[in-house]
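Heads up, the thing below is written out as structure tokens.
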Amino acid sequence: MSSELPKAYEPSLIEEKWAKFWVEQRLFEVPTPPLGEAPRKHFIHILPPPNVTGRLHMGHMLNQTEMDILTRWHRMRGETAIWVPGTDHAGIATQMMVERQLAAEGGPGRTELGREAFTERVWQWKQKYGGAIGEQMQRLGASVDWSREYFTMDERLSRAVKEAFVRLWEQGLIYRGAYIVNWDPVLATAVSDLEVVHEERAGKLYHIRYPLADGTGSIVIATTRPETMLGDVAVAVNPADERYKQFVGKTVVLPLSAVAGGQAREIPMIADEWANPEFGTGAVKVTPAHDPNDFAIGQRHKLPQLSIMDEHAHIRLEGSAYDGQDRFVAREHIVEDLRASGALVDIQDHVHSIGLSQRTGEVIEPRLSMQWFIKIQPLADKAIEAVDKGYIRFTPENYRKTYDEWMRNIHDWCISRQLWWGHRIPAWHCAGCGEVTVAREAPNACSHCGAGELMQETDVLDTWFSSGLLPFTVFGWPGEGGDALTADLAAFYPTDLLVTGFDILFFWVARMIMLGCHFMLDVPMPDGKGGLRARTLKDAVPFREVYIHALVRDAERQKMSKTKGNVIDPIDVITKYGTDAVRFTLASQASPGTDIAFSEARTEGNRAFANKIWNAARFLQMQIERGREAGYKVTLDAQAVGGNVAAAVLPEGAPLETRWIFARLSAVCGEVARSLNGYRFDEAANAVYQFFWGEFCDWYVELVKLRLDFAVAKNDTAAVTLESLVKVFDAALRLLSPFMPFLTEESWQALYASIGVSVPAKSIALTRYPQAEDFPFDEDSIWAMEILKELIVSIRSLRKEMSIPEKETVPVQIFFERVARSYFPDEALLLDFLGRSARVAEVRYVETPPMGANARSTGAFDVAVVYERQIDVAAERERLLKELAKFDKGLQAAERQLGNDGFVAKAPAHIVEGLKKQAAETRALKEKAEAALAALPVE
RNA sequence: AGGCGCGUAGCUCAGUUGGUUAGAGCGCUACCUUGACACGGUAGAGGUCGUUGGUUCGAAUCCAAUCGUGCCUACCA
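Each residue of the first sequence is one higher than the one before, counting from 0 in numbering that gives the first Met the number 0.
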């Protein structure tokens, strides 16, 4: 039977099988409940949708590992657990990717194809490659509900997006207008503030002289972008700036305007608070169409807006020498021309931060253009309130502050993009009156003038608009009649948790909160009494909790990036080490707040852990088989062993180590639950690791080998032990299964097969999660085992020091005064344990504590190994001196404190007592060491 | 310019509301092919907790300063 399991754990042999099994058996799919019925306890959450174009990266894997651990954990605790998977159409990213592919093919490009043909191509592309993410997720073991999978552009969600847009428009929360926006000249589209990354760069500050039109003087302005002067419409100074008071109201002649546009242009000098007397010369040129601040000044002073660039940031100025030049080329030329004309006064080095497009890396060009915006303040107000009142909790908590600060300084959200791939804005422009008609379905006539010649808006919506609606759109919002009365929504909204990275806190988390609080407020929900009630803000929030995890970096703590070439592909590492090992590594490193330096060395260690468990499973199979051959059949209630019944009964006649392992199991179950409740994946993982390897394998399995003597007929201890071994292992597998789902599934199924009992559930994932109260907790057994373990370790340690050959057995002397003898009523057993674990031949109880080179003392016992040997006097003296130094240090520290009146008076009694006791023990040990030192023969 | 975080063993990290002599994994040293496992076992070595000062009976933990380091937000021409 044991030959069925290979000697070493081979993840590749089992992972695919179970991944497929879980999906095909639809184990994690949850049906829609009848309208108005909600599960009593639930754990609902949605997957932050990866880009449909993408491959999973390490960040996804961390995210999904954490979510899966939580989902499996909650599910095994009997809650209705739904994890909704999906992908995002990712407007810009996808469009770029397909364009690149078109370029590679050498055929017609995007513009040649035209809008319809191009989007058709993107859909084909999505059909072909869009499933990759899902396949990768299956390899990670993500226990998602595939029946609820979404794509942000599918028909259902598209309808919801349209509905949301129209409602916002009708509510006056969407407006359209010509404003200055962040413009990506490569993609030729507007992007939101968040899609701009700032970078410090060394630039120049150019000082340029503008002569007064009346010839009475001149004023020098400072700018980092001289090329924009072609669009200047004024020069501003601070009204309080004495130097320039007399200039205000006059006009200056724009240098180069003759070159640039033909006529020499005169522009006014104005006073505006924006001008900072401290910066540059105190005078600033005003270019409303190419700078957001200047735009604001322009509005205040009703200045004209002069655009001088096209959508690719090339100068567009009829008759100008610079017409058609790239903005940076034009800058060079303009500086040269200014120098030649004598208008250039000075060039200073100037470090300033510039905005780059997150997507293309191109310098953002502020551009005046017609865009669609969401009036954000009313949405933000509710979102702030929801978090303020504690309806949404953040972990780690400090993100609440980050969220709050951003929310309180929020700007209107530019939601239009000049792209083709995305949700097309449901607005139609009238050729007749020029007005806009916003509607759910294509209108036949203009809602303003009734004319029939309508053109649909060409812009699409920002990707984050649709993803911001997900928490309710995935559950069927807005419903059939638009009343949002869907069974899913009623049962599953708000979701319980959102797990995500801080990088999309504003992009996505904040938007979901704003849109959720807006759209779900007042929507009917079950009132728990069979009726309906309107949602308040508390139930309008998209999720109750947000857990923000860290970034996964490489082993050198560098951010992974394609340009650095240090990107670790999760699929590569799971192929190499197995999914479970990688999952476990991420989990064991995932403590809130700090980034994860992903190390292969650690992953290797966790593969070894998987292998350890694998071999423990083989050991069990072997014992079960041995038992069967000797007529010891494991007769177990599969329901109970499989944990579907919470049974806390200690098997009758359970020996010490069995009582101990059950007690430890119980304690560890408690620890794991506590840790996972606080999102301490690291603590939980380490607790299971320590238990499984350090206690179950290192001690329990070793001790149990003594008990499983099947040669004796009717050996009750053997029977009880075998049964307990199986029970504990079964529970330990269940405990580990959220972290290592593949290995535990295989081992668990194999365990039942070898017992010859059918499994109590289709999958380990559907069994009960072990909980503290499921197992008997015998505290005495813990004390006794601690002493036993220490005793064994001490003897082993002495043996090494005395260089006793491994195979040789020795007698030991134990001074048992200190130990409660009652812990070890069975002296034969003690000898068995010591014999097995430390090659002890005989135990003699002695009257006085033994001392010397062959003895060891702790607070709990004194033990000596009886063995004739040549003592290495020098080495022994060195060891004793070192020990003495340690005792002295501890003793001094203790005495210093005990001699301190303040300590004795103020410290809690148990601390003082503990210290006294410890000092006394140390003193005794020190005396013994001193005696041993004195007893050493002089060289 | 504001805000947040980090600095503990060679490496990667834990360290709960301040409480007895600071932990884990990997790596390192020595020994061991013992019928679950060499992806293993056993026993070890290794840290004045970045620095300085303060609060306290008591500080890795709280406060201040300082050095180093990472990140986020922002309309400074």
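Glycine included, each C-beta is placed from N, C-alpha and C at the ideal position. In this text the structure is predicted, and so the values were computed from the model without any measurement.
Quiz item: Cys-429 by DSSP, collapsed to three states: which one?
Solution: Counting from one through the first sequence, the residue named residue 429 turns up at place 430. Cys-429: strand per DSSP, three-state reduction.
Self-check item: Cβ-based burial, Asp-290 [other Cβ within 10 Å; buried from 16]
Solution: For this step, residue 290 is matched to residue 291 along the first sequence. Classification of Asp-290: buried, given that the 10 Å Cβ count is 16 or more.
Quiz prompt | Segments of 4+ residues assigned as alpha helix (DSSP H) that fall wholly inside the stretch 801 to 887 | solution = 826 to 837
Practice problem: Indicate, with yes or no, if the ligand MG has a heavy atom lying under 7 Å from the CB of Val-459. | Solution: Questions concerning the ligand MG fall outside what the structure shown contains, since it holds no ligand whatsoever.
Exercise. From the DSSP output, read off the bridge partner residues of His-349.
Key: Indexing the first sequence from 1 puts residue 349 at position 350. Answer by DSSP bridge pairing, in chain order: Gly-202.
Quiz item: Hey, Phe-150 and Val-51: beta-carbon distance below 8 Å or not?
Solution: Here residue 150 refers to the residue found at position 151 when the first sequence is read from its first residue. Here residue 51 refers to the residue found at position 52 when the first sequence is read from its first residue. Contact: yes.
Exercise. Pick out whichever of Leu-514, Ala-533, Val-334, Glu-396 has its Cα sitting closest to the Cα of Asp-521.
Key: On the first sequence, position 522 is the one that residue 521 refers to. Considering only alpha carbons, the answer is Ala-533.
Quiz item: Looking at the unbroken beta strand (DSSP E) that takes in Arg-939, where does it start and where does it end?
Solution: Outside the displayed span of the chain (0 to 938) sits residue 939, for which this structure offers no information.
Exercise. Sort out for me which residues DSSP pairs Gly-210 with in a bridge.
Key: Looking up residue 210 in the first sequence gives position 211. For the sequence presented, residue 210 should be read as Pro rather than Gly. DSSP output for Pro-210 lists Ser-217 as bridge partner(s).
Quiz item: Buried or exposed: which applies to Pro-810, given that a residue is buried once 16 or more other Cβ atoms fall within 10 Å of its Cβ?
Solution: Position 811 of the first sequence, counted from the start, is the residue given in the question as residue 810. Pro-810 should be labelled exposed.
Quiz prompt | Candidates Ala-379, Arg-423, Leu-305, Ala-320, of which the one nearest Arg-114 by Cα | solution = Against the first sequence, residue 114 aligns to sequence position 115. Arg-114 has its Cα closest to that of Arg-423, out of Ala-379, Arg-423, Leu-305, Ala-320.
Quiz prompt | First and last residue of the uninterrupted alpha helix (DSSP H) at Pro-10 | solution = Position 11 of the first sequence, counted from the start, is the residue given in the question as residue 10. Counting along the chain, the alpha helix (DSSP H) containing Pro-10 begins and ends at 10 to 23.
Quiz prompt | C-alpha distance - His-44 paired with Gly-500, whole-angstrom precision | solution = As a working mapping, residue 44 is identified with position 45 in the first sequence. As a working mapping, residue 500 is identified with position 501 in the first sequence. In a straight line, the C-alpha of His-44 is about 15 Å away from that of Gly-500.
Practice problem: Give me the Cβ distance between Phe-728 and Ile-68, rounded to the nearest whole Å; I'm assuming they're in contact under 8 Å. | Solution: Stepping through the first sequence from its first residue, residue 728 is reached at position 729. Stepping through the first sequence from its first residue, residue 68 is reached at position 69. The pair is not a contact, with the Cβ atoms about 21 Å apart (cut-off 8 Å).
Quiz item: For the alpha helix (DSSP H) that contains Tyr-178, what are its first and last residues?
Solution: Here the question's residue 178 lines up with position 179 in the first sequence. No alpha helix (DSSP H) holds Tyr-178; the beta strand (DSSP E) holding it covers 173 to 183.
Quiz item: Given 8 Å as the limit, is there contact between the stretch 82 to 94 and the stretch 477 to 489, that is, 3 or more CB pairs closer than that?
Solution: no
Quiz item: What is the C-beta distance between Tyr-390 and Lys-575, in whole angstroms, given that I count them as a contact (C-beta under 8 Å)?
Solution: As a first step, residue 390 must be located in the first sequence, where it is residue number 391. As a first step, residue 575 must be located in the first sequence, where it is residue number 576. 44 Å between Cβ atoms; not a contact.
Practice problem: Using DSSP bridges, identify the partner residues of Leu-734. | Solution: Numbered from its first residue, the first sequence carries residue 734 at position 735. Paired residue(s): none; Leu-734 is not in a bridge.
Quiz item: For the candidate residues Pro-107, Glu-772, Leu-935, Ile-132, whose alpha-carbon lies nearest to that of Glu-148?
Solution: Residue numbering aside, residue 148 sits at position 149 when the first sequence is read from its first letter. Cα-wise, what sits closest to Glu-148 is Ile-132.
Quiz item: Hey, quick one: how far does the beta strand (DSSP E) through Pro-523 stretch, first residue to last?
Solution: For this step, residue 523 is matched to residue 524 along the first sequence. Start and end: 523 to 525.
Exercise. Decide if Val-236 is buried, meaning its Cβ has at least 16 other Cβ atoms within 10 Å, or exposed.
Key: By one-based count along the first sequence, residue 236 stands at place 237. The residue in question, Val-236, is buried, as its Cβ has 16 or more Cβ neighbours within 10 Å.
Practice problem: Please classify Tyr-546: does DSSP put it in a helix, a strand, or coil? | Solution: Locating residue 546 in the first sequence gives position 547, where the first residue counts as 1. In the structure shown, Tyr-546 sits in a strand (DSSP, three-state: E or B).
Quiz item: In this structure, does DSSP put Gln-170 in helix, strand or coil?
Solution: Counted from its first residue, the first sequence places residue 170 at position 171. Correct three-state label for Gln-170: coil.
Practice problem: Go ahead and pull the three-state DSSP assignment for Thr-921. | Solution: Sequence index remark: in the first sequence, residue 921 carries index 922 (1-based). Three-state result, Thr-921: helix.
Quiz item: Based on the DSSP output, what are the partners of Ser-356 in its beta bridges?
Solution: Position 357 of the first sequence, counted from the start, is the residue given in the question as residue 356. The partner list for Ser-356 (beta bridge, DSSP) reads Val-195.
Exercise. Measure the alpha-carbon distance for Leu-484 versus Gly-35 and round it to whole angstroms.
Key: What you label residue 484 is simply residue 485 of the first sequence in a count that begins at 1. What you label residue 35 is simply residue 36 of the first sequence in a count that begins at 1. For Leu-484 and Gly-35, the distance between alpha carbons rounds to 9 Å.
Practice problem: Classify Asn-899 as helix, strand or coil using the three-state DSSP reduction. | Solution: If you number the first sequence from 1, residue 899 lands on position 900. Note: Asn-899 maps to coil in three-state DSSP.
Quiz item: With Leu-732 and Ser-723 assumed to form a contact (beta carbons below 8 Å), what rounded beta-carbon distance in angstroms separates them?
Solution: The count along the first sequence starts at 1 and reaches residue 732 at position 733. The count along the first sequence starts at 1 and reaches residue 723 at position 724. The Cβ separation is near 15 Å, so there is no contact.
Practice problem: Along the beta strand (DSSP E) that carries Phe-372, what are the first and last residues, could you check? | Solution: Residue 372 sits at position 373 when you count from the first residue of the first sequence. Unbroken beta strand (DSSP E) run through Phe-372: 364 to 373.
Quiz item: DSSP state of Tyr-149, grouped into three classes?
Solution: Walking along the first sequence from the start, residue 149 turns up at place 150. Looking at Tyr-149 - three-state DSSP - the assignment turns out to be strand.
Quiz item: Taking just the CA atoms, how far does Leu-204 sit from Thr-222?
Solution: One-based indexing of the first sequence puts residue 222 at position 223. One-based indexing of the first sequence puts residue 204 at position 205. Whole-angstrom Cα-Cα distance: 6 Å.
Exercise. Could you name the residues of the same chain whose beta carbon sits closer than 7 Å to that of Val-29, not counting the 5 residues immediately before and after it, in chain order?
Key: In the first sequence, residue 29 corresponds to position 30, counting from 1. Same-chain partners within the cutoff: Thr-79, Ile-81, Asp-144.
Practice problem: Report yes if the C-beta distance between Val-616 and Phe-709 is below 8 Å; otherwise report no. | Solution: Your numbering for residue 616 matches position 617 in the first sequence. Your numbering for residue 709 matches position 710 in the first sequence. Rather than Val, the amino acid found at residue 616 in this sequence is Ala. No, they are not a contact pair.
Quiz item: Are Ala-189 and Gln-357 touching if we call contact CB-CB under 8 Å?
Solution: Taking the first residue of the first sequence as 1, we reach residue 189 at position 190. Taking the first residue of the first sequence as 1, we reach residue 357 at position 358. Not a contact, by the Cβ cut-off of 8 Å.
Quiz prompt | Start and end residues, alpha helix (DSSP H) containing Glu-456 | solution = Here residue 456 is taken as the residue at index 457 of the first sequence, counted from 1. No alpha helix (DSSP H) contains Glu-456, which DSSP labels as neither H nor E.
Practice problem: Would you mind listing the beta strand (DSSP E) stretches within the stretch 463 to 507 that are 3+ residues and don't spill past its ends, in chain order? | Solution: 494 to 500
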